[in-house]
Amino acid sequence: MNTSRLKPYLSSLIFLLIVGPLFSQAPNLVDDQGRKQGKWTKFDASGNMVYRATFKDDKPVGEMTRFYEDGSTQAVLNFVSPIKARAKLYYPDKGGLMAEGNYLNQLRDSVWLFYNPTGELASREAFSNGKRQGESIVYFKDGSVAEKSTYQDDIQNGKWVQYFENGNPKLEATVVDGVSYEGDYTSYYENGTKMLKGKYQDGKKESSWYHFHEDGSIETIYVYRYGKVVSEHRKNGTFDEYYPDDIKKSTVTYKDGKKNGPFVEYYHLGEWVEYESLDEYGNPRKAQRLEGIQVQREGTYKDDKLHGEVKYYKENGRLDRIERYEMGELID
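Per the numbering used here, the very first residue in the sequence shown carries number 806; after that it's consecutive.
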């Protein structure tokens, strides 16, 4: 659950928990200085009970209960002092507990717990003067941790960790001022192996960034300087290259940083043709497909050298010739 969507509602509720433009239908008592004294019950203009509370010298003491228009409980506050209250807030329409924590001077303070409408703990957040301070934890419905983050004055700053539902890490990073990364960054596949690993410097990718396959082998290493790629090192997998107009140029297989396995190279031929297809709802939409591409040659590499049979084709698609190689040496 995204508890941030509750925050505007909860913030507006803070003031209403104590005061508001209310109408009375009960002989609520005030002293000669106009201060509320004793038990008070307040109603709105439609006759709906708004709150029930006890006051001393105009300050709430003990338990205060506020109500929704349907009469269900909106909030229960227990005042341990004129400025501090323990609060429980509830969902509308006789819903369950939405949040619980402390108010200090009508601002959220210390640890607050937020709940899903179905009753599971959604998040645990620390507050000071109404702002998030320190560690915040988000939970999956089964109670396992989904995310841990750190806040300073309501802005995310510090270590950020996300998890998959199986408990394995999903992301590890450090956030600065809520908008940029700094230092080590690692993301993971659900099986626990790394997906991406690198570093940020001044909010930009820097140095070597490793892209991994799900089996843990390195796919590609990109080297960054000031957020821009300055070199690329292919390690394992099949890679496509394209001409500037997005027509495929080649498909090559790499293993351990060398060309190993089949390859196909294409002429700079073909054109993008627009056609009409149907989307998932059956509505017509415009799409494009590439037509007229032509293989120039195809064969196999071994340890970066041509090895075995290589076929060459003319631009009209006819086979031109076949050459045979032994570790880069033409033998036939």
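Heads up, the beta-carbon is just placed ideally off N, CA and C, and yes, glycines get one too.
Computed from a predicted model, the values in this text were never measured in an experiment.
Who pairs with residue i in a beta bridge, going by DSSP?
| i | result |
| --- | --- |
| residue 776 | Absent from the structure is residue 776, since the part of the chain shown begins at 806 and ends at 1137. |
| residue 931 | 916 |
| residue 1034 | 1029 |
| residue 907 | 891 and 914 |
| residue 952 | 943 and 967 |
| residue 896 | In the DSSP output, where bridge partners are listed per residue, residue 896 has none listed. |
| residue 881 | 870 and 893 |
| residue 936 | 933 |
| residue 1091 | 1081 |
| residue 1053 | 1047 |
Is residue i helix, strand or coil by DSSP?
| i | result |
| --- | --- |
| residue 984 | coil |
| residue 785 | In the structure as shown, the chain starts at 806 and stops at 1137, and residue 785 therefore has no counterpart that could be examined. |
| residue 854 | strand |
| residue 1073 | coil |
| residue 818 | Since pLDDT at residue 818 reaches only 49, below the 50 mark, its modelled position is unreliable, and the value read off the structure follows with that caveat. The answer is helix: DSSP assigns residue 818 an H, G or I state. |
| residue 838 | coil |
| residue 1134 | strand |
| residue 1078 | strand |
| residue 1117 | strand |
| residue 922 | coil |
| residue 1048 | coil |
| residue 1109 | coil |
| residue 995 | coil |
| residue 1040 | coil |
| residue 1065 | strand |
| residue 873 | coil |
| residue 776 | Not covered by the structure: residue 776. The range shown for the chain is 806 to 1137. |
| residue 962 | coil |
| residue 1007 | coil |
| residue 1184 | Past the boundaries of the shown model lies residue 1184; the chain is included only from 806 to 1137, so the question cannot be answered. |
| residue 1016 | strand |
| residue 957 | strand |
| residue 1023 | strand |
| residue 1101 | strand |
| residue 843 | strand |
| residue 1096 | strand |
| residue 826 | Here residue 826 scores only 41 on pLDDT, less than 50, and its place in the model is too uncertain to base an answer on. |
Should residue i and residue j be called a contact, given that it needs their Cβ atoms to be closer than 8 Å?
| i | j | result |
| --- | --- | --- |
| residue 944 | residue 927 | yes |
| residue 891 | residue 882 | yes |
| residue 866 | residue 860 | yes |
| residue 979 | residue 972 | no |
| residue 1019 | residue 998 | yes |
| residue 1040 | residue 1023 | yes |
| residue 1102 | residue 1131 | no |
| residue 937 | residue 956 | yes |
| residue 1053 | residue 1108 | no |
| residue 1080 | residue 1100 | no |
| residue 1149 | residue 1097 | There is simply no residue 1149 to check, as the chain begins at 806 and stops at 1137 in what is shown. |
| residue 856 | residue 847 | yes |
| residue 977 | residue 946 | no |
| residue 1065 | residue 1058 | yes |
| residue 909 | residue 888 | yes |
| residue 1136 | residue 1126 | no |
| residue 1044 | residue 1106 | no |
| residue 948 | residue 922 | no |
What I want to know is whether the C-beta of residue i ends up closer than 7 Å to one or more non-hydrogen atoms of the ligand HEM.
| i | result |
| --- | --- |
| residue 870 | Annotation note on the ligand HEM: not contained in the displayed structure, which lists no ligands. |
Using the rule of at least 16 other Cβ atoms within 10 Å of the residue's Cβ for burial, across every protein chain shown, is residue i buried or exposed?
| i | result |
| --- | --- |
| residue 996 | exposed |
| residue 983 | exposed |
| residue 1034 | exposed |
| residue 834 | exposed |
| residue 1115 | buried |
| residue 1038 | exposed |
| residue 1123 | exposed |
| residue 1084 | exposed |
| residue 828 | Confidence at residue 828 is low in this model, with a pLDDT of 41, below 50, so its placement is unreliable and the value that follows should be read with caution. Classification of residue 828: exposed, given that the 10 Å Cβ count is below 16. |
| residue 993 | buried |
| residue 1012 | exposed |
| residue 879 | buried |
| residue 1092 | exposed |
| residue 913 | buried |
| residue 1134 | exposed |
| residue 1078 | exposed |
| residue 1010 | buried |
| residue 1031 | exposed |
| residue 954 | buried |
| residue 1047 | exposed |
| residue 941 | buried |
| residue 904 | buried |
| residue 906 | buried |
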